[in-house]
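Just so we're on the same page, our numbering is the position in the sequence shown counted from 1, plus 7.
Note that the Cβ used here is the ideal one computed from N, Cα and C, for glycine as well.
Below: the structure, in structure tokens.
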Amino acid sequence: FWEMGDTGPCGPCTEIHVDCRTPEERAAVAGKDLVNNDHPQVIEIWNNVFIQFNRLKDV
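As structure tokens, then:
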């Protein structure tokens, strides 16, 4: 879920990653364990944010 801040646009999001490691490296460690861990061969190439809500300030 993506939020711009305490108030404002927000909504569900998804990230698309590419795993450029060799088959042997993939067999040793699952790519999902390397996502968002700054691994140089598991790269985020896209981020889709579906802004469908507007968070208001609590009163």
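When the Cα atoms are used, what is the spatial distance from residue i to residue j?
| i | j | result |
| --- | --- | --- |
| N54 | G15 | 19 Å |
| K39 | I50 | 11 Å |
| A35 | L41 | 12 Å |
| D45 | G12 | 24 Å |
With DSSP collapsed to three states, give me the class of residue i.
| i | result |
| --- | --- |
| D65 | coil |
| D40 | helix |
| I50 | strand |
| F57 | coil |
Closest to residue i by CA distance: which of the options is it?
| i | options | result |
| --- | --- | --- |
| E22 | D13, N43, V36 | N43 |
| P19 | I58, E32, G38, A34 | I58 |
| F8 | N61, V66, D65 | N61 |
#### Entry: Those runs of the alpha helix (DSSP H) which lie wholly inside the segment 8 to 40 and span at least 4 residues
30 to 35
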